[in-house]
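K.L.:
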Amino acid sequence: MTYRFILQRVRRAILARAAGVLIVTVLTMTALGGCASESNASRGAKEGATTGAVAGAVGGMVTALVFGGNVADAAARGAVYGGSTGAVVGGMSGSKRDKAEAAAQVDANEKRLEDLRKKIGDDAFDGVVALAKCKHEVAIANAKVAMQSSKRDYRLAGLWVEVLTSADQRREAEARARFPEIIKLDKKVKTDADAEAAMRRSMEELGDIREAYALPRVCPA
Numbered sequence: 000m001t002y003r004f005i006l007q008r009v010r011r012a013i014l015a016r017a018a019g020v021l022i023v024t025v026l027t028m029t030a031l032g033g034c035a036s037e038s039n040a041s042r043g044a045k046e047g048a049t050t051g052a053v054a055g056a057v058g059g060m061v062t063a064l065v066f067g068g069n070v071a072d073a074a075a076r077g078a079v080y081g082g083s084t085g086a087v088v089g090g091m092s093g094s095k096r097d098k099a100e101a102a103a104q105v106d107a108n109e110k111r112l113e114d115l116r117k118k119i120g121d122d123a124f125d126g127v128v129a130l131a132k133c134k135h136e137v138a139i140a141n142a143k144v145a146m147q148s149s150k151r152d153y154r155l156a157g158l159w160v161e162v163l164t165s166a167d168q169r170r171e172a173e174a175r176a177r178f179p180e181i182i183k184l185d186k187k188v189k190t191d192a193d194a195e196a197a198m199r200r201s202m203e204e205l206g207d208i209r210e211a212y213a214l215p216r217v218c219p220a
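With numbering that gives the first Met the number 0 as the guide, the letters of the sequence shown map in order to residues 0 to 220.
1. Do Gly126 and Val70 have their CB atoms nearer than 9 Å?
2. Can you give the Cα-Cα distance for Ala197 and Arg111, rounded to whole angstroms?
3. Less than 9 Å separating the beta-carbons of Asp191 and Val65?
4. Measure the alpha-carbon distance for Ala131 versus Val57 and round it to whole angstroms.
5. In its own chain, which residues sit with a C-beta less than 7 Å from the C-beta of Arg209, not counting the 5 before and 5 after it?
6. Who are the near neighbours of Gly81 in its chain, counting only those whose CB is closer than 6 Å to its CB and skipping five residues on each side?
7. Beta carbon of Ala145, beta carbon of Ile181: below 9 Å?
8. Please classify Ser149: is it buried, with 16 or more other beta-carbons within 10 angstroms of its beta-carbon, or exposed?
9. Quick check on DSSP: helix, strand or coil for Arg151?
10. Quick one: grab the DSSP three-state call for Ala213.
11. Pop quiz: Ala194 and Val61 are said to be a contact at Cβ under 8 Å. What is the actual Cβ separation, rounded to whole angstroms?
12. Taking the C-alpha atoms as reference points, what is the distance between Ile139 and Thr164?
13. Between the alpha carbons of Glu204 and Val162, how many angstroms are there, rounded?
14. Under 8 Å by Cβ, that's how I've got Arg177 and Leu158 pegged, so tell me the actual separation to the nearest angstrom.
15. In this structure, does DSSP put Cys34 in helix, strand or coil?
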């Protein structure tokens, strides 16, 4: 068993654990809704969980690229923040007490997700969410806006979104052309080889996130 294969299994296990947390949340919200509304509540919770989890996961991934840390761990945490928030919003029903408890959960997770979004900026966050959904033109447009920011972290996040989007489109030469700018902004990335390794890890993680939430691992040509 190769080291790369072991790492891949670990990454998928982390995302699976995050997905498992979301399933529990979905089931809880469905139970709160009662039998009469079970179908609508469970459907809304599931859809909300998936949308929120993908946004949180890819947002967490870019946050790790900008500030350091393990991209898989950051993605899993983001998935839980975004997914559980989305599940509660999508499936909220039941008694006043149930709703109050659910609202408290929403507030806590929304704050964590909002903190994550603020770290990389709205444009980079929206861009990487678009990338996860294979909306490359939207991702690039958001990345370019982020790259014009006066904030260094937002510019770096925008650069990474553009790099990952270009790589996802199999335009790796264009992606690598941005490496010198990343090196200039990020002291953690000292060489093209460092940037290449970070790009490869992130592309693998992006594919795992897509697979974990029933999206195509590789975007259609």
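Backbone N, C-alpha and C define an ideal beta-carbon position, used for all residues, glycine too.
P.N.:
In brief:
1. Here Gly126 is not near Val70, since their CB atoms are 9 Å or more apart.
2. Computed Cα separation, rounded: 25 Å.
3. No, these two residues do not count as a Cβ contact at 9 Å.
4. Answer to the nearest angstrom: the Cα atoms are 7 Å apart.
5. Result list for Arg209: Ala131, Pro215, Arg216, in chain order.
6. Spatial neighbours of Gly81 in its own chain (CB-CB distance under 6 Å, excluding positions within 5 residues in sequence) are listed in chain order as Gly51, Ala52, Ala54, Gly55, Leu112.
7. Going by C-beta atoms, Ala145 is not nearer than 9 Å to Ile181.
8. The C-beta of Ser149 has fewer than 16 other C-beta atoms within 10 Å across all chains shown, which makes the residue exposed.
9. Three-state result, Arg151: helix.
10. Taken through DSSP and simplified to helix, strand or coil, Ala213 comes out as coil.
11. Not really, about 14 Å apart at Cβ, beyond 8 Å.
12. Distance from the CA atom of Ile139 to the CA atom of Thr164, rounded to whole angstroms, is 7 Å.
13. Cα to Cα, the separation comes out at about 14 Å.
14. In this structure Arg177 touches Leu158 by the C-beta definition: roughly 6 Å separates them, less than 8 Å.
15. Because Cys34 carries a pLDDT of 45, less than 50, the predicted location of this residue cannot be relied on, and no value is offered for it.
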